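In the working numbering, the protein residues as written are 859 to 1609.
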Amino acid sequence: MALRLPRLTVDLSGTKPKALTRRLDHLRPGELTTLLETDRGTTTHEVDRCLRLAPNRWAVGRRRGDRTVWRIIDEGQLARLGHPAWLWTKDWWFDPRVDEDSEGPAPAALPLRNQIRYAAGIGSTRLAVKVLASLVACIRANSGPVAVRMSPEVLGSPSHPSRWLVLALLTCLPPSRRESLRLAVGEPEPDPERVDVVIVADNTPGFQMIDAADPPGEGDDLVAYFVRNRLLANDPEAVESAALRQDEPGTSDGDAWGDAIKRLIRSGVPGLSTPTEHVIEQDPESAVRMIVARIRAGAEVDEPFVADLLAVTRKARDPRPWLALRDRSAAERGHLVGRLLAEKIKRPRPELVRALAALYPESGETDVWCSALLGWIREGSAWEASVEALEQALLTRGGNTPAGRLSVWQEAVHALVDANQPAAATRALVSPIARSLADAGLGRALVAAWFAIPPDRRDHSLLVRFVDQVASANGGERTLEFLRRRLREDPGELRTAVRRLPLDQLPVFLAAAATGPDDPIWAEAERIRGAGLQSAYARFLSLATFSDGLPALEADARDSVIDAIADVSFPDADFAELCLAFAQLPGRSGLWPWLAVAASAPDRFPPEILEPAVIGVTGEPPENEDLTRVAWEAAQRLGASDAWTALDHARWLQLLCTSPEGGFPTDFGAWLATGLAQAVAARPDGITRLVEITATLGRLGPNHPALQGFLGRVLPQVWGEQGFPVQYRDRIYTTNLSSEILAMWRQVVGV
């Protein structure tokens, strides 16, 4: 049956679109402007358009080259077309050479089977079906304008697969859904205010984008699932039949289309929502989709459904069917998970374990659930998810005594070790469930579980957390004593722990593991940890890490400082503070106060601390030759330091040249003073500084023991056999020393 449709031809060769039609009286006010404005952007392929001008009035057009041809369709012709876009299938209507007033052939809608075959040109039949399902889902979700991105090659294909895809979409939709859709294919700059569905070459602002090369699929929409399932099953007639359902009043949401399909899916149609054995074995993904759709459609939990669910889960190990059951009653969920556990399924996916854990109600059988989880941990499959679920079950499910929970958790730790997951076994012993067990007074059992893990494979970074956990819980002191005994029974255990613990955690662990600050465990730990340090200086400073065990380390510190002093430049705050810590120990060596004050920065100590420390060492020399040398090198570094002025050095010499009783210096004090003075003399400004020191001490008066000790025992040794430099002798006369002091000085210098 022929049609006569008014035509508008637009010339695009100029700077602006221009109407070429002789008569425009068939257009209503504003429609010419609307149609001319539609031609925007540039393109190398044909563009098809189907725009609604008014209720029951459409403009269907095609742009080819520098011409666009529009046909105007009124209500009278609309009923004969089904949808105006079907006019695209007849090129005659868009040929600008055809007389404007000619009648043309009415297009005929092809069966969906043919349309899908033609649309497969976008890549494949499967891809075309996935795009259609995605579009149906978007339209049903009322998510706004949708654009499908395709390659320019597909848009320019002479077989026009993108056009057939849009026409197939119309066929999939019921009349009430498709009759108002505004469509375009290949539009270079589509307007989301004028187009609902468009095929484009690039991402387009204002549209929800679907990539035809990787469409998102149907999502949770059962109708979109139905369309995809039936088309992939080569049953397009089922889709056409379902689309003929008109919306019926009285339904909950006016969606008779969706309600009818939901009822169909819920009934368990083979190939649609009931997977056959062949599908389960050969295409488990489709089987999962079928069972999920059946659940979401409200399937009854009867024996056929349970059998299908278990069969699909055995094959696919997929969590999606179980996640779809989360809104079912606790009784149904418990029954279904119980049936699956009875199957003793092997090697589940982690996602499936987590889904089952979320699904299984607290009223379910805890023993059965825990037994299944332990079995999966032993298998080494989904062990992480199984451990999480097991801990949650022990923390939240009733019916288990603390001893019962401990037994299960110990078994989990052993299972993790057997499954070659020792680090996870270690973490299990500092978990919330382990904390609750420790609080219940079961800390000793946790310690035993800790030692059951091979020591070279534990995560020792967690040791401090573990010790703190058992120490602060009920019966913590007894647990700590048990831990100490185990450490002493196995020296290798202590060595491993000390080597592997982070440095900031080591003292915390040792403080808990030791019986006190003088426990030999401190020295053992220091020897193990310090063995790897490159320098004696670094090893000595590392003793500060063990501040709570310094009494046990003092003897080792004296040995360590012998070599460490060679790398110290005074002042050295870290070195000084560690020496001060040893100086504050009862019965300490007199060397430590001397090293502490000598290595400190000026003004670090007030005179009431500094003076006893310096004078004290002169009356209490170190106990052996090596430590005596350390004291000497400290004096030399003090003399060489730029941090001290000449007046400061004079004050140091005054203290060293004064005995503890306030008299003439001791042999050791004079020896240290000589070392300091020799270091001063070796400085570039040594002569100038020694002149100032001599003058400063001279002002103490002729009877002061410090001046007498300096002139009598220190100054003669400063330059040794070289004798007194001429510059030093000459400059002393410029210092305004008294005649009595000068006489004492001349006697020493020999002038």
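Positions of the beta carbon are idealized from the N, C-alpha and C atoms, including for glycine.
Remember, it's a predicted structure, so these values are computed and weren't measured experimentally.
Bridge partners - residue 1605, DSSP secondary structure assignment: Counting from one through the sequence shown, the residue named residue 1605 turns up at place 747. Residue pairing by DSSP places residue 1605 in no beta bridge whatsoever.
Assigned exposure category for residue 1335 - 16 Cβ within 10 Å defines buried: The count along the sequence shown starts at 1 and reaches residue 1335 at position 477. Under this definition residue 1335 is an exposed residue.
Proximity below 7 Å, CB of residue 1266 to CB of residue 1311: Within the sequence shown, residue 1266 is the residue found at index 408, counting from 1. Within the sequence shown, residue 1311 is the residue found at index 453, counting from 1. Not a contact, by the Cβ cut-off of 7 Å.
Segment contact flag, the stretch 1156-1168 with the stretch 1187-1198, C-beta cutoff 8 Å, min 3 pairs: As far as the Cβ criterion goes, the stretch 1156-1168 touches the stretch 1187-1198, which means the pair count is three or higher.
Own chain, CB closer than 7 Å to residue 1183, minus 5 neighbours either side, in chain order: Start at 1 with the first residue of the sequence shown, and residue 1183 comes out as number 325. Closer than 7 Å at Cβ, skipping near neighbours: 1153, 1191, 1194 and 1217.
Backbone CA spacing between residue 1130 and residue 1075 [nearest angstrom]: To locate residue 1130, count along the sequence shown from 1; it is residue 272. To locate residue 1075, count along the sequence shown from 1; it is residue 217. If you take the alpha carbons of residue 1130 and residue 1075, they lie about 16 Å apart.
Per-residue burial, residue 1585 [other beta carbons within 10 Å of its own, 16 or more giving buried]: On the sequence shown, position 727 is the one that residue 1585 refers to. Residue environment for residue 1585: exposed (fewer than 16 other C-beta atoms within 10 angstroms of its C-beta).
Backbone CA spacing between residue 1144 and residue 992 [nearest angstrom]: Start at 1 with the first residue of the sequence shown, and residue 1144 comes out as number 286. Start at 1 with the first residue of the sequence shown, and residue 992 comes out as number 134. Distance from the CA of residue 1144 to the CA of residue 992, rounded to the nearest whole angstrom, comes to 17 Å.
Proximity of residue 1239 and residue 1285 at Cβ, strictly below 7 Å: Locating residue 1239 in the sequence shown gives position 381, counting from the first residue. Locating residue 1285 in the sequence shown gives position 427, counting from the first residue. With a cutoff of 7 Å on beta-carbon distance, residue 1239 and residue 1285 are scored as not near each other.
Beta strand (DSSP E) runs contained entirely in the stretch 1001-1048, provided each spans 3 or more residues: Counting only runs of 3 or more, we get 1004-1007 and 1041-1043.
For residue 908: DSSP bridge partner residues: Here residue 908 refers to the residue found at position 50 when the sequence shown is read from its first residue. Residue 908 pairs with 918 and 1041.
Proximity of residue 1610 and residue 929 at Cβ, strictly below 7 Å: Only positions 859 to 1609 of the chain appear in this structure, which leaves residue 1610 out of reach.
Cα-Cα separation between residue 1572 and residue 1547, rounded to whole angstroms: Here residue 1572 is taken as the residue at index 714 of the sequence shown, counted from 1. Here residue 1547 is taken as the residue at index 689 of the sequence shown, counted from 1. The alpha-carbon atoms of residue 1572 and residue 1547 are separated by roughly 15 Å.
Alpha-carbon to alpha-carbon, residue 898 and residue 933: In the sequence shown, counting from the first residue as 1, residue 933 sits at position 75. In the sequence shown, counting from the first residue as 1, residue 898 sits at position 40. When rounded, the distance between both Cα atoms is 28 Å.
Beta-carbon proximity of residue 861 to residue 964, cut-off 7 Å: Along the sequence shown, read from residue 1 onward, the residue named residue 861 stands at position 3. Along the sequence shown, read from residue 1 onward, the residue named residue 964 stands at position 106. The Cβ atoms of residue 861 and residue 964 lie closer than 7 Å to each other.
CB contact flag (residue 1101, residue 1030, <7 Å): For the purposes of this step, residue 1101 is taken as residue 243 along the sequence shown, with counting starting at 1. For the purposes of this step, residue 1030 is taken as residue 172 along the sequence shown, with counting starting at 1. Yes; because the gap between Cβ atoms is below 7 Å, this pair is in contact.
Contact belief for residue 989 with residue 1006 at Cβ below 8 Å, rounded distance in angstroms: As a working mapping, residue 989 is identified with position 131 in the sequence shown. As a working mapping, residue 1006 is identified with position 148 in the sequence shown. Between the beta-carbon of residue 989 and that of residue 1006 there is about 6 Å, and that keeps the pair under the 8 Å contact cut.
Straight-line gap, residue 1083 to residue 1055 (C-alpha atoms, nearest Å): Locating residue 1083 in the sequence shown gives position 225, counting from the first residue. Locating residue 1055 in the sequence shown gives position 197, counting from the first residue. Taking the Cα positions, residue 1083 is about 20 Å away from residue 1055.
Coil, strand or helix - residue 1624 by DSSP: The shown model of the chain, from 859 to 1609, leaves out residue 1624, and the question about it has no answer.
C-beta contact flag for residue 1126 and residue 1132 at 7 Å: Position 268 of the sequence shown, counting from 1, holds the residue named residue 1126. Position 274 of the sequence shown, counting from 1, holds the residue named residue 1132. Between residue 1126 and residue 1132, the C-beta spacing is below 7 Å.
Nearest-angstrom Cα separation, counted from residue 1429 out to residue 1435: One-based indexing of the sequence shown puts residue 1435 at position 577. One-based indexing of the sequence shown puts residue 1429 at position 571. Computed Cα separation, rounded: 11 Å.
Every unbroken alpha helix (DSSP H) inside the stretch 1061-1100 [4 residues or more]: Within the stretch 1061-1100, the complete alpha helix (DSSP H) runs of at least 4 residues are 1080-1090.
Residue interval of the alpha helix (DSSP H) (run including residue 1576): What you label residue 1576 is simply residue 718 of the sequence shown in a count that begins at 1. Counting along the chain, the alpha helix (DSSP H) containing residue 1576 begins and ends at 1573-1576.
For residue 869, the three-state DSSP class (helix, strand or coil): Taking the first residue of the sequence shown as position 1, residue 869 is located at position 11. Residue 869 carries a strand assignment under DSSP once its states are collapsed to helix, strand and coil.
Neighbour-count burial assignment, residue 956, 16 or more Cβ in a 10 Å radius: Looking up residue 956 in the sequence shown gives position 98. Taking all protein chains in view, the Cβ of residue 956 is surrounded by fewer than 16 other Cβ atoms within 10 Å, so the residue is classified as exposed.
Residue 1136, buried or exposed, once every other Cβ within 10 Å from all chains shown has been counted against 16: Along the sequence shown, read from residue 1 onward, the residue named residue 1136 stands at position 278. Label assigned to residue 1136: exposed.
The stretch 1059-1071 / the stretch 941-959 touching (three or more Cβ pairs under 8 Å): Cβ pair count under 8 Å is below three, so no.
Where residue 1110 sits in the DSSP three-state scheme: Looking up residue 1110 in the sequence shown gives position 252. For residue 1110, the predicted model reports a pLDDT of 49, less than 50, meaning its position is unreliable; a value from the coordinates is still stated below. Looking at residue 1110 - three-state DSSP - the assignment turns out to be coil, as it is neither helix nor strand.
Cβ pair residue 1433, residue 1457 closer than 7 Å: Taking the sequence shown and counting its residues from 1, one reaches residue 1433 at position 575. Taking the sequence shown and counting its residues from 1, one reaches residue 1457 at position 599. In contact: residue 1433 and residue 1457 (Cβ atoms closer than 7 Å).
Three-pair Cβ contact test at 8 Å for the stretch 1077-1095 versus the stretch 1011-1019: Contact between the stretch 1077-1095 and the stretch 1011-1019 is not established, with fewer than three Cβ pairs separated by less than 8 Å.
Buried or exposed (CB count within 10 angstroms, at least 16 for buried), residue 902: Translated into positions along the sequence shown, residue 902 becomes position 44. Residue 902 comes out exposed.
Contact under 7 Å by Cβ, residue 1511 with residue 1568: For this step, residue 1511 is matched to residue 653 along the sequence shown. For this step, residue 1568 is matched to residue 710 along the sequence shown. Against a cut-off of 7 Å, the Cβ pair of residue 1568 and residue 1511 comes out as a contact.
Close Cβ partners of residue 1109 (< 6 Å) along its chain, the five nearest in sequence each way excluded: The residue labelled residue 1109 in the question sits at position 251 within the sequence shown. Its pLDDT being 49, under 50, residue 1109 is placed unreliably by the model, and the measurement read from it follows with that caveat. Here the set comprises 1117.
CA nearest to the CA of residue 1563, picked from 1271, 876 and 1517: Here residue 1563 refers to the residue found at position 705 when the sequence shown is read from its first residue. Closest option to residue 1563, judged by alpha-carbon separation, among 1271, 876 and 1517: 1517.
C-alpha gap between residue 1504 and residue 1442, whole angstroms: In the sequence shown, residue 1504 corresponds to position 646, counting from 1. In the sequence shown, residue 1442 corresponds to position 584, counting from 1. Roughly 30 Å between the two C-alpha positions.
Sequence-distant residues of the same chain with beta carbon closer than 8 Å to residue 1105, five excluded per side: Taking the sequence shown and counting its residues from 1, the one referred to as residue 1105 is at position 247. Residue confidence for residue 1105 is low, a pLDDT of 49 falling below 50, so the modelled location carries little weight and cannot support an answer.
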